Structures are given as C-alpha cells and as structure tokens.
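Q: Going by our numbering, the sequence shown opens with residue 108, and the numbers climb by one from there. I have a structure here, written as structure tokens, and I will follow up with some questions on it.
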Amino acid sequence: MPIHHLTSAADDRLRDYLHLTDVVLRSKHEPAMGMYIAESSTVIRRAIEAGHRPRSFLMAERWLADLDDVLDAVGAGPGGDVPVYVCAPEVLEAITGFHLHRGALAAMHRPALAPVRDVLAAARGGLGARRVAVLEDIVDHTNVGAIIRACAALGVDAVLVTPRCADPLYRRSVRVSMGTVFQVPWTRIDPWPAGIDVLRAEGFVVAALALDDASIGLDELEADTPDKLAWILGTEGDGLRRATISAADVTVRIPMAGGVDSLNVAAAAAVAFWATRERSRS
C-alpha cells in the first residue's frame, strides 16, 4: 500500500513539492522535469479526467477518504505504485510554504505539447476550432488562468501561448482556471508573430485587441463576426507588440466610459469572447 506517513519536510521523497512559492524556481524546474503541480481535490480530479498521469500525491490525513476513488483509479490505492504522502498540517506548510487549505496536491507528469495545427483540428471533437485565443507574452499566472477559465465558459475552442508567455500549468494558473486548463486544448505557438500565418492559412481572421489609432470598435466586429476568429491578447504592461498589430487582419478596441482607457487583460478577454461568441453555442 503506497501510503507513506511522513514527519519531516526534509524527507527527500518530497522534493517535487518543495519551495512552491518560488516563481523563478518553479517556472524553470517544472518544464525541465516534465512535471507540474495540481492543487485541490477539484483540480486533481479534472487533471486525471483529462488523462494526465500523477507522479505522487501529498495531503493531510483527513483528505484520504475524499480522494479515495481517485487514488484507486490511478494506482495509488492498496497494491498500486503511485505513492501518497500524508503529513500533519504544520509539516505540509513547511513543505509548500503556504497553508494548504484546499486539501491536497499532486505532482503530475507534464504531457507533451501538440503542434498548433493538430490542436486546432482536434477541437470540438475533431470538427475543428472556430474560436481561438492567443496569449502574447502574458507573464502574470493569475491572468493566464483567468483567461483560460473565460475561454472555457465562453466557447473558445483552443488557446495558443507565445514562447514568452507564462506557463498555463503553473500552480497558480491551474488554480485560478479552476482546472479548466485541462478542459480547453492549448499549446505553444512558435515562432511568433510569424505564427499568425499559420492561423490565417487555417482560415482564421486574426483580431488584435489593442488601443490603436486604426482600431475598430468591438461592436463593429460583433455586428459582422467572422466564421473563424482568433483573438490576440497582449502582455499586461506594454500590450501587443507593434509587429503583431501590423500582422493582424484587424485591430479592435473595447469602447470605454468613465475616463477609463482599458481593462485588465483577463477582463478584456472575457468581454471580447462574449461579444463574438457563436450564438448557436450560447
């Protein structure tokens, strides 16, 4: 029975879970190790339902019963080979650097990313994507998770992230997305912005969401929404690159009131997705 009751945060078996609050360490460590961390029983369930494989679990004793069916299903129950590490709450906090109030963590094997064209073709059960979000150099993990959650809620079929964009499988991104990062297909688009040509070749009209003198209002695009639409959303500070705006088919702005010139990128994404959603899917 691979359930191990551990009493020390220094136990080498827990190395996957150490220093989770160190963003620099995790952003470098996770891709190199081919792993990511799923936090909370809800997120763990969604990851496993999406076919992701756990390396191990870490939790307090009280959460064993709640996750009993999951542990059995992935070979972490009696006779299985996926270890479950159980610790007292104070030991968990020493390991992770924060109070683990969502029940459990799982170190998960990171799946290989598929090529862009494969992700687009496989969307909607093989019918192909019609709404796509491209995240250009968005570095805040909370924004990445919030945008992906909006994609899931508002009918966006796939997410593409540029080489310098934050990792959608970083712990905070996964948590903020409420596990929808496992629901919405995503991959890296590289090179960028040359990758816009791939989207255009697949029949997408590419719309850059940006404050630009040549932009049109969102209501104008909403009135004549393309059949296949790819939204490009820019980094929190500088917005979209000038080269990206130039390469897009159209630049779009959200009309504002109250002296406000722009919204947080996650809020802006949700507004744009809602306005240009496919009405047959609403």
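Where is the CB? At the ideal position from N, CA and C, for every residue including glycine. The structure presented is a predicted model; accordingly, all values stated were derived computationally and were not measured.
Put L178 into one of helix, strand or coil per three-state DSSP.
A: DSSP places L178 in helix when its eight states are reduced to three.
Q: My assumption, with CB atoms under 8 Å, is that L318 sits in contact with A375. Please give the rounded CB distance.
A: The pair is not a contact, with the Cβ atoms about 10 Å apart (cut-off 8 Å).
Q: Going by DSSP in three states, F311 sits in which element: helix, strand or coil?
A: In this structure, F311 counts as coil in the three-state DSSP scheme.
Q: Put V246 into one of helix, strand or coil per three-state DSSP.
A: The answer is coil: DSSP assigns V246 none of H, G, I, E or B.
Q: Tell me which same chain residues have a C-beta within less than 7 Å of the C-beta of G235, skipping the five on either side of it?
A: Excluding positions up to five away in sequence, the list reads L227 and A228.
Q: Please report the residue range of the beta strand (DSSP E) in which V268 lies.
A: Taken as a continuous stretch (DSSP letters only), the beta strand (DSSP E) holding V268 covers A265 to V268.
Q: List the endpoints of the continuous beta strand (DSSP E) containing L212.
A: Per DSSP, L212 belongs to the beta strand (DSSP E) from A211 to H216.
Q: So which of A214, A167, L212 and G187 has the shortest CA-CA distance to A195?
A: Comparing Cα positions, the closest option is A167.
Q: According to DSSP, what are the bridge partners of S163?
A: According to DSSP, S163 bridges with A214.
Q: Which residues in the same chain have their Cβ closer than 6 Å to the Cβ of A213, if we skip the five residues on either side of it in sequence?
A: Excluding residues within five positions, the ones whose Cβ falls inside 6 Å are A145, I151, P161 and F164.
Q: Restricting to Cα atoms, I'd like to know which of R278, T358, T287 and G262 is closest to R153.
A: Per the Cα distances, T287.
Q: When the Cα of E309 is compared with those of Y143, R237, E197 and I202, which residue comes out closest?
A: E309 has its Cα closest to that of R237, out of Y143, R237, E197 and I202.
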